[in-house]
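Student: Per this note's numbering, the sequence shown runs over residues 1 to 237.
Quick one: the structure is below, questions incoming.
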Amino acid sequence: MIENQLSCSSAGKMKEIIKIQEQLRDEVLECIQSRKSKMAELQGETEELGNQMIQEVTMKVLHRIELIMNTLESILCRCEKVEAKFISYKRDLNSKSQQVGELAERFESVKHELKNYFVIIERIAGIFSETNHLNNQMIKTINDKLSRLSCNNSHIPIQEQIQKFHENFENNSKLNVFNPNNQFSNFVLQEFKSIQNAINSTSKLRQEADDSIANAMKEFTDTLQNGLKIAVSHSKY
Numbered sequence: 001m002i003e004n005q006l007s008c009s010s011a012g013k014m015k016e017i018i019k020i021q022e023q024l025r026d027e028v029l030e031c032i033q034s035r036k037s038k039m040a041e042l043q044g045e046t047e048e049l050g051n052q053m054i055q056e057v058t059m060k061v062l063h064r065i066e067l068i069m070n071t072l073e074s075i076l077c078r079c080e081k082v083e084a085k086f087i088s089y090k091r092d093l094n095s096k097s098q099q100v101g102e103l104a105e106r107f108e109s110v111k112h113e114l115k116n117y118f119v120i121i122e123r124i125a126g127i128f129s130e131t132n133h134l135n136n137q138m139i140k141t142i143n144d145k146l147s148r149l150s151c152n153n154s155h156i157p158i159q160e161q162i163q164k165f166h167e168n169f170e171n172n173s174k175l176n177v178f179n180p181n182n183q184f185s186n187f188v189l190q191e192f193k194s195i196q197n198a199i200n201s202t203s204k205l206r207q208e209a210d211d212s213i214a215n216a217m218k219e220f221t222d223t224l225q226n227g228l229k230i231a232v233s234h235s236k237y
């Protein structure tokens with residue numbers, strides 16, 4: 001009897017134990033399923049967050065690349081402009097170098113012409129100096145002879161002296177070269193002829209007109225000096 005009771009009691013406990021085990025198993029399975037669901041949800045959220053982060057990083061990288069491309073394009077454009085300016089500057093430099101060469105050649109040509117002009121000026125100055133010397137000699141000779149006009153025949157040596165000076169003047173090539181138009185030479189020759197005619201005319205009236213002869217000689221001297229001044233002033237232009 002007692003054994004039957006013990007057997008029934010043991011069987012009841014085993015059922016309870018089995019029931020408890022089943023409950024525990026169900027709870028464990030439920031917990032595992034819940035954990036799996038949460039893991040799946042967390043994995044989905046993680047993947048979504050990762051995709052968002054990747055997308056944001058990708059957009060930032062693309063934006064950065066776009067900025068870099070724009071900067072490179074701007075730099076390339078500037079390089080092209082600098083290259084164009086350099087080519088233009090090089091072309092202008094070559095042109096200016098050619099112009100400088102031409103100016104140097106012109107300068108050498110002008111320099112050579114100036115040397116020739118200085119030589120001509122020196123020759124003209126020498127001619128003027130010789131002309132003034134001859135003029136002073138002639139004036140001195142005329143003044144010396146004017147004091148001897150008291151004699152009727154005193155005009156003869158004066159006339160010979162003037163004739164000699166006249167011949168020297170005509171034979172002097174320098175006096176005929178310095179003035180291309182020979183205006184001064186023609187002027188002096190005309191004055192020589194005038195004075196010779198005046199002397200020839202006054203020689204016949206020497207005794208009556210000594211003062212007229214002196215005035216005529218003085219007028220000739222003044223006229224000759226004025227003619228020299230005119231010739232010098234014209235030669236400067």
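Even for Gly, the Cβ is constructed at its ideal location relative to N, Cα and C.
Starting from the C-beta of MET14, find all residues in its chain whose C-beta is less than 6 Å away, skip the five residues before and the five after it, and write them out in chain order.
Tutor: Your numbering for residue 14 matches position 14 in the sequence shown. Counting only Cβ-Cβ distances below 6 Å, and skipping sequence neighbours, we find nothing.
Student: Could you check the C-alpha separation between ILE20 and ASP26 for me, to the nearest Å?
Tutor: In the sequence shown, the residue the question calls residue 20 occupies position 20. In the sequence shown, the residue the question calls residue 26 occupies position 26. Straight-line Cα distance between these residues: approximately 10 Å.
Student: Which same chain residues end up closer than 8 Å to GLU80 when comparing Cβ atoms and leaving out the 5 residues on each side of it in sequence?
Tutor: Taking the sequence shown and counting its residues from 1, one reaches residue 80 at position 80. Around GLU80: no qualifying Cβ.
Student: Quick check: the Cα distance between GLU66 and GLU47, rounded to an integer number of angstroms?
Tutor: One-based indexing of the sequence shown puts residue 66 at position 66. One-based indexing of the sequence shown puts residue 47 at position 47. About 28 Å.
Student: Could you tell me the distance, in whole angstroms, from the CA atom of ARG64 to the CA atom of GLU41?
Tutor: Locating residue 64 in the sequence shown gives position 64, where the first residue counts as 1. Locating residue 41 in the sequence shown gives position 41, where the first residue counts as 1. Spanning the two alpha carbons is a distance of roughly 34 Å.
Student: Can you give the Cα-Cα distance for GLU102 and ASN94, rounded to whole angstroms?
Tutor: The sequence position of residue 102 within the sequence shown is 102, counting from 1. The sequence position of residue 94 within the sequence shown is 94, counting from 1. Taking the straight line from one Cα to the other gives about 12 Å.
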